[in-house]
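S.K.: Counting from 75, one number per residue, gives the positions in the sequence shown under the working numbering.
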Amino acid sequence: MSAGTLVPLQRVVWDVGAGPRVRSTPPAVPLTLREARRVVRRMARAAERPTVVLAGVDPLAPSDRGLPLSGLVDALTSHGFPTGVALHPMAPCTTRSLRAWAAMGVQHIVLHVDTALDSPLTGIPGVRHTDGATLVYARAVVAAGMRLYATTRVTALTAPDLMGIAALLPSLQVSRWDVSFVVPTATIPRSEPLRAVRLERVLAWLARYAASAPFPVTTEGAPHFIRHMHPQPDGRTLAPMVRDAQGMLYITAGGEVWPGPDLPLSAGNVRQHSPQALYRSAPLFKSLRNAAELGGRCGWCAWSQVCGGSRARAYALTGDALAQDPHCAPVIVPVAPGHRGLPQKPP
Ligand code: SF4
75 MSAGTLVPLQ
85 RVVWDVGAGP
95 RVRSTPPAVP
105 LTLREARRVV
115 RRMARAAERP
125 TVVLAGVDPL
135 APSDRGLPLS
145 GLVDALTSHG
155 FPTGVALHPM
165 APCTTRSLRA
175 WAAMGVQHIV
185 LHVDTALDSP
195 LTGIPGVRHT
205 DGATLVYARA
215 VVAAGMRLYA
225 TTRVTALTAP
235 DLMGIAALLP
245 SLQVSRWDVS
255 FVVPTATIPR
265 SEPLRAVRLE
275 RVLAWLARYA
285 ASAPFPVTTE
295 GAPHFIRHMH
305 PQPDGRTLAP
315 MVRDAQGMLY
325 ITAGGEVWPG
335 PDLPLSAGNV
345 RQHSPQALYR
355 SAPLFKSLRN
365 AAELGGRCGW
375 CAWSQVCGGS
385 RARAYALTGD
395 ALAQDPHCAP
405 VIVPVAPGHR
415 GLPQKPP
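1) Measure the beta-carbon distance from GLY370 to ALA395 and round it to whole angstroms, keeping in mind my assumption that it falls under 8 Å.
2) Given a threshold of 16 other Cβ atoms within 10 Å of its Cβ, counted over all protein chains shown, does MET220 qualify as buried or as exposed?
3) Report the three-state DSSP secondary structure of LEU268 (helix, strand or coil).
4) Could you have a look at ASP252 and say whether DSSP puts it in helix, strand or coil?
5) Classify LEU80 as buried or exposed, calling it buried when 16 or more other Cβ atoms lie within 10 Å of its own Cβ.
6) Measuring only the C-alpha atoms, how far is ILE325 from PRO142?
7) For ligand 1, is there any heavy atom lying closer than 8 Å to the beta carbon of LEU391?
8) So ALA212 and ARG173 are supposed to be a Cβ contact under 8 Å. How far apart are they, rounded?
9) Flag GLY382 as yes when its Cβ comes closer than 8 Å to any non-hydrogen atom of ligand 1, and as no otherwise.
10) Along the chain, where does the beta strand (DSSP E) that runs through HIS186 open and close?
11) When the distance is taken between beta carbons, is ARG170 closer than 9 Å to GLY145?
12) Looking only at C-alpha atoms, which of LEU191, VAL216, LEU222 and PRO199 sits nearest to ALA207?
13) Is the separation between the beta-carbon of PHE255 and that of ALA296 shorter than 9 Å?
14) Give a single yes or no on whether ARG363 has its beta carbon closer than 8 Å to a heavy atom of ligand 1.
15) Taking only runs that begin and end inside the stretch 321 to 405, name each unbroken beta strand (DSSP E) of 3 or more residues, in chain order.
16) Suppose contacts are defined by Cβ-Cβ distances below 9 Å. Is VAL201 in contact with PRO163 by that definition?
17) Assuming VAL131 contacts TRP88 under a Cβ cut-off of 8 Å, what Cβ separation, rounded to an integer in Å, is found between them?
18) Could you round the C-beta distance between GLN320 and GLY382 to whole angstroms and report it? I think they count as a contact, below 8 Å.
19) Can you tell me where the beta strand (DSSP E) with GLY179 in it begins and where it stops?
20) Under the three-state reduction of DSSP, which class applies to GLU294: helix, strand or coil?
21) In whole angstroms, give me the CA-to-CA distance for ARG250 and HIS186.
22) Kindly indicate the opening and closing residues of the alpha helix (DSSP H) around THR208.
23) State buried or exposed for ASP399, treating a residue as buried only when at least 16 other CB atoms are found within 10 Å of its CB.
24) Taking the CB atoms as reference points, tell me whether ALA284 and HIS401 lie closer together than 9 Å.
25) Could you tell me the alpha carbon to alpha carbon distance between PRO420 and TYR389, rounded to whole angstroms?
26) Can you check DSSP and say which residues form a bridge with GLY158?
27) I need the DSSP call for ALA224, collapsed to helix, strand or coil.
28) So, helix, strand or coil for ARG119, using DSSP?
29) Near LEU313, what residues of its chain come up, given a Cβ to Cβ distance below 8 Å and the 5 sequence neighbours on each side ignored?
30) Leaving out five residues on either side along the sequence, give the residues of the same chain with a beta carbon under 7 Å from the beta carbon of PRO94.
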């Protein structure tokens, strides 16, 4: 695979702005439903049909906040886009709203399972405590005929709960577990994310769990999970991990297209451009997926073309989205001498 090879766009995460306000700055001018429908029609001109996940949804939010979900879901499903709804982690939910979304054509629900069941970890901002209500919602999703995707936001504080969460998920009939390793943002302090060595230990454990889990296990914010899933570096046969600008993009409530939800750099606005065109051709996106432009170890390690490091973490901790991922443990990175197309030593 050559540097900068384009991976088909697989996932569009679209912030519909109906969740509790947690970001530091509200969107300047949120998209209207009419504008959003125009965006969907423009997306539909391309042959590809990435999954669209409507994120930050609070079913009980005031009606004046965010895009009307039913109108947007209708536009997406009528054009053949597989559509999911990601509940805001702090939003309440109702089984009635879940049934309504299933009737609209929503195919999957992303539900936060951030702690073990009835864990003593409570009251942490941005972390959904798992309790009996979570189980009710999870069962209601499956009963309504939708797939349940569990997502877990991992911080230094919540990481010890991962084993309890892993033990719980099979009983909830989840179809996928997405383990999201937080990166520092405007609302997440630098002390929260796992540091390199601990992160590697968690990834090693997660790979062992994934080997026998009855559902796929994916990560966000840790593309170097691929090293643990495939111990031999082989950029010729492995598919690149889906990460910021590589297989995915994020649309803010105001229509800006970012490489991912935690990488606040805009390639353009969907009011003027098709998301797929920005994904394919925007210089920002092309640079982020070009291994030859990455800094430090991420530029020369044997995994750079299929991993590439967390660009969001690099940006958050260094101010440079192309810098080396600061939370990839240097002692563990295997460099394959003579690996195809890459230097044997760091330049
Ligand atoms: S150095 Fe960068 S590209 Fe290599 S494994 Fe670590 S994060 Fe991935």
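Glycine is no exception: its CB is placed at the ideal position from the N, C-alpha and C atoms.
Just so we're clear, the structure is a prediction, and the values are computed from it rather than from any experiment.
M.R.: Let me lay it out:
1) So it is not a contact: roughly 13 Å between Cβ atoms.
2) buried
3) coil
4) strand
5) exposed
6) 16 Å
7) no
8) Incorrect: roughly 14 Å between the Cβ atoms, too far for contact.
9) yes
10) 182 to 186
11) no
12) LEU191
13) yes
14) no
15) 321 to 325
16) yes
17) Rounded, the Cβ-Cβ distance is 10 Å, inconsistent with contact.
18) 7 Å
19) No beta strand (DSSP E) holds GLY179; DSSP gives it neither H nor E.
20) strand
21) 12 Å
22) 206 to 217
23) buried
24) no
25) Only weak support is given to the placement of PRO420: the predicted model assigns it a pLDDT of 33, under 50, and the question is left unresolved by the model.
26) VAL127 and HIS182
27) strand
28) coil
29) According to the sequence as given, residue 313 is Ala; it is not Leu. Cβ within range, chain order: VAL81 and VAL380.
30) The pLDDT assigned to PRO94 is 47, lower than 50, so where the model puts this residue is not dependable; a value taken from the coordinates is nonetheless given after this. Correct list, in chain order: ASP132, HIS162, MET164 and ALA165.
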